[in-house]
Amino acid sequence: MIRAYSLILPTFFVAFILAVFPMPRLLDYVRPEWVAMTLIFWVLMSPAKAGVFLGFFMGILLDVLHGHLLGLNAFAMSALAYLCILLQPRMRLYNQIQQSLLVFVLVGLFLLVRYWLESLMLGQGRTALLWPSVGSAVLWPFAYGILGSLRHYFRT
Amino acid sequence: MAVILSVSLMLADKHLAPTAELRGFIGYFITPVQWVSGMPGQLGLWAEETAMTRTTLQAENDRLRNESLVLKQKVQQMVALRAENNRLRELLNASEQLDDKVLVSELIGVDPDPYTHHIIVNKGANHGVFVGQPVLDAHGLMGQVIEVLPFTSRVLLVADSNHAIPVQVSRNGVRAIAVGSGKLDELALIYVPDTADIKQGDLLVSSGLGSRYPKGYPLGEITQVTHDPGEPFATVTAKPAAFLDRSRYLLLVFSKSSELPSVNVALGEEGVEP
Chain A
237 MIRAYSLILP TFFVAFILAV FPMPRLLDYV RPEWVAMTLI FWVLMSPAKA GVFLGFFMGI
297 LLDVLHGHLL GLNAFAMSAL AYLCILLQPR MRLYNQIQQS LLVFVLVGLF LLVRYWLESL
357 MLGQGRTALL WPSVGSAVLW PFAYGILGSL RHYFRT
Chain B
47 MAVILSVSLM LADKHLAPTA ELRGFIGYFI TPVQWVSGMP GQLGLWAEET AMTRTTLQAE
107 NDRLRNESLV LKQKVQQMVA LRAENNRLRE LLNASEQLDD KVLVSELIGV DPDPYTHHII
167 VNKGANHGVF VGQPVLDAHG LMGQVIEVLP FTSRVLLVAD SNHAIPVQVS RNGVRAIAVG
227 SGKLDELALI YVPDTADIKQ GDLLVSSGLG SRYPKGYPLG EITQVTHDPG EPFATVTAKP
287 AAFLDRSRYL LLVFSKSSEL PSVNVALGEE GVEP
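Chains A and B supply the protein sequences, listed in that same order.
Here the working numbering is used: the first residue of the first sequence is 237, the next is one more, and so on.
Here the working numbering is used: the first residue of the second sequence is 47, the next is one more, and so on.
Written out as structure tokens, the structure is:
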């Protein structure tokens, strides 16, 4: 159990760094949602260990990292984790392209939920919906490959 | 369960104050992320400094020494002028002007969100930084602190479209409000009457109204004034004096007047009575 989290938490740490890593202004518009992608991966691989509550806590950390309203990302990430648990048995059987398409939809929904909450709570949303989802879908095979081989290497 | 928790958390964060402490606690986990993500930039800077030649350093040293000498000479005059100013203010029964203390901080990150202009600096609650604190660079006003974590804090730049600051023209004291345009090199003055005496090249300084920014720091320079008969107000744009996209070292200002505004007012009123 502890061994499993000793891999899950470091991967989230790297995802957080990637989420705020300085990049050229133009690439900022398509910056993938690394944390959401990591969550999708872990829910997909081991739904017993990674679930709604992991999403919730990682969401809170993301809130503080981005300076958002506390609980905004927590809500959206919990919803994302729940959706992934529902889709998990089917999604594991998909090939890379189908998975990428599904990741596009999932990240899009995650951003949409965040956008709704922002406009509900603050009166204005500042989330871009389309391009980050495209970026996430395009980079999903790489993320999947790297995380998958890590998981295989540590056998968790 | 998690949904209820996060909804209540959001409501609490919007309406109650104590979540700042929770935020600070979570900040302990997040600070390493900010440090690591800022590291390549720091490393580049360090390499640049280490690899400098002796002659370059000497030249820079000479330049800085000259600059320091010139500034010292100006300060000498300042002391006399300040004393004289305070004497005159006493004659007018106005409160004495005090020096502002500053804390030097270094920029360690820029918010990745392309629609906002936030930066992260390496001083936080443990160094006494507070929400609403004004931030300067060597050339003018940068913005204000909007979120404080234990070791870092988030600064909203004056160019962010959610930011506004009361200003006045230093030439004649005309007051206005400067809002960010979302572009780093442009501010807009809103609600300026067509008849107001504002010209291209005027210097804008903070007016101190709203008691958030201290009075008299330069904000920017007017770049364009357009009078359109169809519009109710003149369209005025300005260029920020601070190097919003380049400054590495920032000053966090602890102005004494902004910490204790009510006390000063109370003393002033009592002083008049006898």
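For glycine and all other residues, C-beta sits at the position ideal for the given N, C-alpha and C.
Asked, Found
"Does the Cβ of T184 of chain B have 16 or more other Cβ atoms within 10 Å, making it buried, or fewer, making it exposed?", "As written in the sequence, residue 184 of chain B is Ala, which differs from the Thr given in the question. Counting Cβ neighbours within 10 Å, A184 of chain B comes out exposed, since fewer than 16 surround it."
"Whole angstroms are fine: how far does the CA of L127 of chain B sit from the CA of G84 of chain B?", "43 Å"
"With a CB to CB cut of under 8 Å and the five nearest residues on each side skipped, what residues in its chain are close to E193 of chain B?", "R69, V177, S199 and R200"
"I'd like the list of long-range same chain contacts for S207 of chain B, defined as Cβ closer than 6 Å, with 5 residues on each side in sequence excluded.", "G226 and G228"
"I'd like to know whether the C-beta of I321 of chain A is nearer than 9 Å to at least one C-beta of chain B.", "no"
"How about A310 of chain A: is its C-beta nearer than 9 Å to some C-beta of chain B?", "yes"
"Which value, in whole angstroms, describes the spacing of the CA atoms of W352 of chain A and L280 of chain A?", "26 Å"
"Is F197 of chain B close to chain A, meaning its C-beta is less than 9 Å from at least one C-beta of that chain?", "no"
"Would you say M80 of chain B reaches chain A, if we count a Cβ-Cβ gap shorter than 9 Å as a contact?", "The residue asked about is misnamed: residue 80 of chain B is Gln in this sequence, not Met. Cβ-Cβ to chain A under 9 Å: yes for Q80 of chain B."
"In terms of residues, what are the limits of the beta strand (DSSP E) holding S151 of chain B?", "K147 to V156"
"Does chain B have any CB closer than 9 Å to the CB of M357 of chain A?", "yes"
"Per DSSP, what kind of secondary structure is V256 of chain A in: helix, strand or coil?", "helix"
"Does the distance from the CB of G287 of chain A to the CB of A251 of chain A come in under 9 Å?", "no"
"If I'm right that H173 of chain B touches L202 of chain B with Cβ under 8 Å, what's the distance once you round it to whole angstroms?", "That pair is no contact at about 19 Å."
"E277 of chain B: which of B:V238, B:L182 and B:A284 sits nearest, CA to CA?", "B:V238"
"Whole angstroms is fine: what's the gap from F75 of chain B's alpha carbon to F257 of chain A's?", "17 Å"
"For S369 of chain A versus V349 of chain A, is the C-beta spacing smaller than 9 Å?", "no"
"Check this for me: beta carbons of D240 of chain B and H209 of chain B, under 9 Å apart or not?", "no"
"When the distance is taken between beta carbons, is M273 of chain A closer than 9 Å to V374 of chain A?", "no"
"Could you please give the first and the last residue of the uninterrupted alpha helix (DSSP H) stretch that includes H302 of chain A?", "V288 to H302"
"For chain B, check one thing: does any of its Cβ atoms lie closer than 9 Å to the Cβ of R328 of chain A?", "no"
"Helix, strand or coil, according to DSSP, for E193 of chain B in the structure here?", "strand"
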